[in-house]
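Asker:
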Amino acid sequence: MTYVVLENCIKCKYMDCVEVCPVDCFYEGENMLVIHPDECIDCGVCEPECPAEAILPDTDPASETVMDLNKKWADIWPNITRMGEKPADADEWNGVASKLQDHFSEKPGDTG
3 MTYVVLENCI
13 KCKYMDCVEV
23 CPVDCFYEGE
33 NMLVIHPDEC
43 IDCGVCEPEC
53 PAEAILPDTD
63 PASETVMDLN
73 KKWADIWPNI
83 TRMGEKPADA
93 DEWNGVASKL
103 QDHFSEKPGD
113 TG
């Protein structure tokens, strides 16, 4: 089992999950985070930290649509180990439907 980031992270990107991860398996895109499935140790400490409820175990049926997305972009985007600033409009995007289709960005995050 591993954990995955769901599409609700898109344009929310709260990052509360990043600093609690003991193995630094989060990777940052321009407007979302992903978890590298080969690095996640299945501890689950990130799941309750996400205000957008955008992290689930891969055993949950809701995670099936994003398994490949997490793996693909974790191999491309930079690793993130510290919590950054959430987008100013993150709360407005929390719960918006169809974010993957309409708002996903392939650009890497600014790890500045």
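Under my numbering, think of the first position of the sequence shown as 3, with each following residue one higher. Don't be surprised by glycine CBs; every beta carbon is placed ideally from N, CA and C.
1. How about the segment 46-64 and the segment 102-114: do they share at least three Cβ pairs that are nearer than 8 Å?
2. Could you name the residues of the same chain whose beta carbon sits closer than 6 Å to that of I43, not counting the 5 residues immediately before and after it, in chain order?
3. Identify, in the order they occur along the chain, each residue of the same chain with its Cβ nearer than 7 Å to the Cβ of C48, setting aside the five sequence neighbours on each side.
4. Just the Cα atoms here: how many angstroms apart are T61 and A90?
5. Could you check what DSSP says for N81 in three-state terms: helix, strand or coil?
6. So Y16 and A64 are in contact, right, with Cβ under 8 Å, and what is the actual spacing, rounded?
7. Going by DSSP, what residue range makes up the alpha helix (DSSP H) through L102?
Answerer: Checking against the coordinates, here is how it stands:
1. no
2. Along the sequence shown, one-based indexing puts residue 43 at 41. Excluding residues within five positions, the ones whose Cβ falls inside 6 Å are V25.
3. Taking the first residue of the sequence shown as position 1, residue 48 is located at position 46. Cβ neighbours of C48 beyond the five flanking positions: Y5, C19, V22, C23, I57.
4. As a first step, residue 61 is located in the sequence shown; it is residue number 59 there, counting from the start. As a first step, residue 90 is located in the sequence shown; it is residue number 88 there, counting from the start. Near 32 Å, if we compare the C-alpha coordinates of A90 and T61.
5. Here residue 81 refers to the residue found at position 79 when the sequence shown is read from its first residue. Note: N81 maps to strand in three-state DSSP.
6. To locate residue 16, count along the sequence shown from 1; it is residue 14. To locate residue 64, count along the sequence shown from 1; it is residue 62. The pair is not a contact, with the Cβ atoms about 18 Å apart (cut-off 8 Å).
7. Residue numbering aside, residue 102 sits at position 100 when the sequence shown is read from its first letter. Unbroken alpha helix (DSSP H) run through L102: 101-105.
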